Structure formats: structure tokens, C-alpha cells
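Scroll down for the structure; my scribbles are underneath it.
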Amino acid sequence: MRWSSLKVSLLVVLSFSMVMVLISFMFYKNINILLGFWEDEAKLSIYLKVDTTEEEKGAAIARLKTDSDIANIQVVTRNEAAADFKKILGEYSNGLISVDEITDLIPESIVVTLQSSLSSQTKNEKFAYIKRDLTLNPVVEEISYGTEWIKQFSKFDRALKFFGLLLFSVLSISVLFISALMARSLVEESKTEIEVLSLIGATRWFIYKNNLLPFFYIFGLSAAISTAITFGTYFYFKHRFFLAQGFGFLAENIRFLDAPEVLSLVCILFFFVICGAVLSLKSAIQRLSLFAYE
Numbered sequence: 001m002r003w004s005s006l007k008v009s010l011l012v013v014l015s016f017s018m019v020m021v022l023i024s025f026m027f028y029k030n031i032n033i034l035l036g037f038w039e040d041e042a043k044l045s046i047y048l049k050v051d052t053t054e055e056e057k058g059a060a061i062a063r064l065k066t067d068s069d070i071a072n073i074q075v076v077t078r079n080e081a082a083a084d085f086k087k088i089l090g091e092y093s094n095g096l097i098s099v100d101e102i103t104d105l106i107p108e109s110i111v112v113t114l115q116s117s118l119s120s121q122t123k124n125e126k127f128a129y130i131k132r133d134l135t136l137n138p139v140v141e142e143i144s145y146g147t148e149w150i151k152q153f154s155k156f157d158r159a160l161k162f163f164g165l166l167l168f169s170v171l172s173i174s175v176l177f178i179s180a181l182m183a184r185s186l187v188e189e190s191k192t193e194i195e196v197l198s199l200i201g202a203t204r205w206f207i208y209k210n211n212l213l214p215f216f217y218i219f220g221l222s223a224a225i226s227t228a229i230t231f232g233t234y235f236y237f238k239h240r241f242f243l244a245q246g247f248g249f250l251a252e253n254i255r256f257l258d259a260p261e262v263l264s265l266v267c268i269l270f271f272f273v274i275c276g277a278v279l280s281l282k283s284a285i286q287r288l289s290l291f292a293y294e
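Each residue of the sequence shown is one higher than the one before, starting from 1 at the first, in my numbering.
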């Protein structure tokens, strides 16, 4: 295959287009993953009275375990809660308040986490049900689960997913259109060669093969380049940027695209590019009446 400026331009455009599509889809995928982790942080805290006995606490836990929607029940002792609170205060707690004083202020609690498969609305309703069910329990001092936070998160989750999908769709359509135009331009550049082939009696199959084969080479090279660039971007943010900025949670949980996801996106772009090239080549052949010699 002879390289020309237009073929190099097509290689650059296809590579850039695939990089944009792959990175935008990877961003959308990881947004959904991170939102899932964030939603899992919705917990209900049941604060127990100071004089609660182990039997009473065990009875309350046993009652919670009967609910199949509850994924985890964790007992946070006063010492554990005090240590966590002191850790949050950091150096500001030195000389300000002792661990014993913090322990006296913070009650023992039972932290309830629901199944991650439940929607935000269902979690909110389930937390409200648990609160109503345990409010009159004599060992319960207070129940808190941040109902407004869950409602706001539900709205934010839907809005972000919608705009993320919309952005990915618009971006994908744009780059597919540009790639198809570039493919058509490359066919138009080969009109003289197509006319010469027709004059020497070349068959339809030979003309199609001779003009479409470069697209396969260019597209394969573009797919390899774009996948490498996308993985390099992922590797940089996961192992360098996020760690340097102190975002360990993001560095630990972001994911690269799965092989089926990469193949699906590449195949969609390949379909549009080849369709654009075939239609342009067919149009050029019809205009030049190339098959009169078959």
C-alpha cells in the first residue's frame, strides 16, 4: 500500500476518533462504578442507650437479620467510635479532648447496610421502615440515615448517567460522521486509478478489493494505536495522577474497558467507515460506467 497525505490524514482522524470514543465510554463506565460505590455508602446508624445489655443488643441484631434486604450489620463499640472520631480530628484533638472523654460522649451503635442491588428509592423506603420498626425499641436512643442525602443522590445519579450517555452518543455520532467523510474523500482521490483499471478491463471484484484493502490496513493500525493510547491514559491516571493527588480511592477502583466492550466499539466504527467507503466506491463506479467491459 502506497501512503499519501490523505491516507495519513485518515489514519490520524480514525485514531483520534477511536480514542475519543473509547475514552468517553471508559469515563462513562467508571462514573457508573464510582456512583455505585458512593450509593453503597448509604447506611443506617442505630444508636443504643448507655445501659443497654448484651442480651438486648443481641435481640435487636437478631431482629434485623430477619430482613433479607439487609446486606451487613456492624456493631461499632464506643471505643471504636471514639478512635474514629479522634482520627478525624487529627492533631486538633491533642490537648483538646481525651479518648476517655470522647468515649463518654459517643454511644455504641449498630450500622446497617442494605443490598447494593436495591435502588436509591427502595433503600430510602427500607431505611424508613426499619426506623419505624425500631423507634419504640427500649434500647434505641436514636436512628439516623440521612434521608435527604439519599434523595439528592438518586436525582444526581440519574442526571449524571443521562448526561454521560448523551455526551457519549453525540460524540460517537460526530466522529463516525467525520470518519465516513474521510473514507469518501479517499475514494474520490482514487477516481483516476479506478478509471484506468476500468479501461484495462479490470473486474468489479478486483476494483473493490484494490480500493478497499487500504481501509482494512489503515483501520487495523488505527484500532491498535487508539487502544494503546486509551490504555496509556488509563494507566497514567490510575498509577500516577490520582495517587499523586491523593485520590487513592479513585486509583483503586477505576477500571479499563473489557475486551468485548473495546471490540464492540471498534466494530461499530469499522462498520460505518467501511459502509462509507463502499457506498462512495459504488457511486464512483456507477458514474464512470466501469462495468461496461465485464
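Glycine residues also receive a C-beta, built at the ideal position from the N, C-alpha and C atoms. Please read these numbers as outputs of a predicted model, since none were measured by experiment.
{"query": "Cβ neighbour criterion (16 or more within 10 Å) applied to Cys275", "result": "exposed"}
{"query": "Pairwise C-alpha distance: Thr230 and Pro214", "result": "24 Å"}
{"query": "Proximity to Val111 [Cα-Cα], best of Phe241, Ser117, Pro138 and Ile61", "result": "Ile61"}
{"query": "Length of the line joining the Cα atoms of Phe270 and Ser4", "result": "21 Å"}
{"query": "Test item: CB-CB of Leu48 and Val139 under 8 Å", "result": "yes"}
{"query": "CB of Ile34 within 8 Å of CB of Asn253, strictly", "result": "Looking at the sequence provided, one finds Leu at residue 34 rather than Ile. In contact: Leu34 and Asn253 (Cβ atoms closer than 8 Å)."}
{"query": "Exposed unless 16 or more other CB atoms sit within 10 angstroms - verdict on Val8", "result": "exposed"}
{"query": "Outcome for Glu55 when other beta-carbon atoms lying within 10 angstroms are tallied against a minimum of 16", "result": "exposed"}
{"query": "Exposed unless 16 or more other CB atoms sit within 10 angstroms - verdict on Leu263", "result": "exposed"}
{"query": "Reduced DSSP secondary structure (H/G/I, E/B, other) of Thr230", "result": "helix"}
{"query": "Under 8 Å between C-beta atoms of Leu250 and Ile143", "result": "no"}
{"query": "Terminal residues of the alpha helix (DSSP H) in which Lys65 lies", "result": "Glu54 to Lys65"}
{"query": "When Met26, Phe16 and Ser15 are compared against Phe237, the one with the closest alpha-carbon", "result": "Met26"}
{"query": "Rounded separation between Met20 and Arg2 - CA only", "result": "27 Å"}
{"query": "Test item: CB-CB of Ile178 and Val13 under 8 Å", "result": "yes"}
{"query": "Ser280 - partner residues in DSSP beta bridges", "result": "In DSSP, Ser280 forms no bridge with anything."}
{"query": "Buried or exposed (CB count within 10 angstroms, at least 16 for buried), Ser222", "result": "buried"}
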